[in-house]
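Chemist: With the working numbering applied, the sequence shown has no gaps in its numbers, which climb one by one up to 1120 at the end. Got a structure for you, written out below as structure tokens; questions coming shortly.
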Amino acid sequence: MKISKEIDKILKTLNNNGFEAYIVGGFVRDMCLGKCANDYDIATNALPDDIHFLFDKCIDTGIKHGTVTVVMNSIHAEITTYRSDGEYINHRKPEKVEFTSSLKEDLKRRDFTINALAYNNEIIDLFGGIDDIKNKIIRTVGSADKRFNEDALRMLRAIRFSCSIGFSIDANVKNAIKENAHLIEFVSKERIKTEFDKIVLSDYTENLKEIKNLSFFNFIFPNLQIAIDNDVSFDLISKAKKDTAVRYTLLFKLANTANPKDFLDKYKFSNKEKEEIISLVNLISINDLNDEISIKKVLSKTDKALFEKSLYIKKLLGIDVLKTEEIYLKIKDDPCHISDLKISGKDIEQLGISGKKISDTLLFLNECVIKDKSQNTKEKLLNIVNKHLK
């Protein structure tokens, strides 16, 4: 495995001072998968005080759990003391953690075998993670039922890994998801959204079929579960460009969700995300954009980038937009927005118009320009106001 010179130096510094140290987790998994990996997590039997003593620049990023980030040049490496977890509370987090001197104890608390690999000159595989990578299967470290009872988020992570690396979910893991699906209600909405984002942006969204008949998403997104159980193909999502709004719009369309606002609100999407996704959902539902005026009217209420994304999504869905695209390319630089008008609210105010009537006047003028772009001069627009609106 190719690791940076900084990480190599960190490992050697710990080893040369009598400590064990291994790269663990996602870096090792991704390197075994032939993927580029730059996220370094190091596990060691050194204590946080030892790490502070050995390295010049340290940040206590998770000192309560034994994690210190060592900064070396541009590399940030999280170094965590081997630990074992105590009893979990609320099906989410351990009540306490205890430091241990055993790598095995540290690795056996992890969620999946493919994430329980360690590396320092050679791969340490205590739970069959390499075989599972070869066989493209997701299994838990130990009992799946126990792992999901400890931390309910792991169920969603199993689905996310299936979609992101294209692995099947082990039958025992599926059964445990089915039995413990209700526990997802103990997981914060923010963490669920984080995993959902990764699923939507993954390369193998067709693997959502892995949870058919498990009723898992009934507790998160019932429309999605219904679509999965009805064999809707979600491979379109992973075929789309990795644009969050585009992919979520496809997800809502495939899950037959006409109004995604409740979902977006529940899982605390940002206002910007909500606005873009809802706009795209609405735009792809508009039909018969086959003339200049109808397209310009739509453009007057949105922006060109969103309109172009909506055409892209429609094409993915097999909707014929050829005529719409031809017309759009011809008129996309024409004035469509109030901001394109060669007249301002101040100009209208100077004509003795005030209050809400100013915005009404601008809307009317924009309609005139949409119908005839030659009207978009200050002189002509003032004439329209004087003739029709004063």
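For every residue, glycine included, the Cβ atom is placed at its ideal position computed from N, Cα and C.
#1: In the DSSP assignment, find the unbroken alpha helix (DSSP H) run with R977 in it and report its ends.
#2: From which residue to which residue does the alpha helix (DSSP H) around F757 run?
#3: Exposed or buried, what is A1035 when buried is set at 16 or more other beta-carbons lying within 10 Å of its beta-carbon?
#4: Once you ignore the five residues that flank K919 on each side, which residues in its own chain have a CB closer than 7 Å to its CB?
#5: Where in the segment 784 to 838 do unbroken runs of the alpha helix (DSSP H), each at least 4 residues long, occur, reported from the N-terminal end onward?
#6: Please name the residue, chosen from I958, I1016, K928 and I941, that lies closest to D973 on a Cα-to-Cα basis.
#7: Could I get the ranges of all uninterrupted alpha helix (DSSP H) runs contained in the segment 1014 to 1097, with 4 residues as the minimum, in chain order?
#8: Return the residue from the list R877, D738 and L837 that minimises the CA-CA distance to G859.
#9: Would you list, in sequence order, the uninterrupted alpha helix (DSSP H) runs of no fewer than 4 residues that lie entirely inside the segment 913 to 981?
#10: Relative to the alpha-carbon of A1190, which residue among H1118, L886, R839 and T935 has its alpha-carbon at the smallest distance?
#11: Output the distance between the C-alpha atoms of K1101 and D933, rounded to the nearest integer angstrom.
#12: Using the DSSP secondary-structure output, state which residues sit across from L741 in a beta bridge.
#13: At what residues does the beta strand (DSSP E) containing I854 begin and finish?
#14: Measuring straight from C-alpha to C-alpha, what distance separates T935 and K971?
#15: Tell me whether T987 sits in a helix, a strand or coil according to DSSP, three-state version.
#16: Just to confirm the assignment, what range does the alpha helix (DSSP H) spanning D862 have?
#17: Using CA coordinates, which residue listed in E1079, D738 and K1103 is at the minimum distance from V1115?
Modeler: To lay it out plainly:
#1: T974 to L984
#2: G756 to C762
#3: exposed
#4: Result list for K919: K996, Y997 and K998, in chain order.
#5: Taking only runs of at least 4 residues, the alpha helix (DSSP H) segments lying wholly in the segment 784 to 838 are 833 to 837.
#6: K928
#7: 1022 to 1029, 1034 to 1046, 1052 to 1061 and 1075 to 1079
#8: L837
#9: Within the segment 913 to 981, the runs of alpha helix (DSSP H) at least 4 residues long that lie entirely inside it are, in chain order, 919 to 930, 952 to 959 and 965 to 969.
#10: Given that the chain is displayed from residue 731 to residue 1120, the structure contains no residue 1190 and the question cannot be resolved.
#11: 44 Å
#12: Answer is none; L741 lacks a bridge partner.
#13: I853 to D855
#14: 13 Å
#15: The answer is coil: DSSP assigns T987 none of H, G, I, E or B.
#16: G859 to N865
#17: E1079
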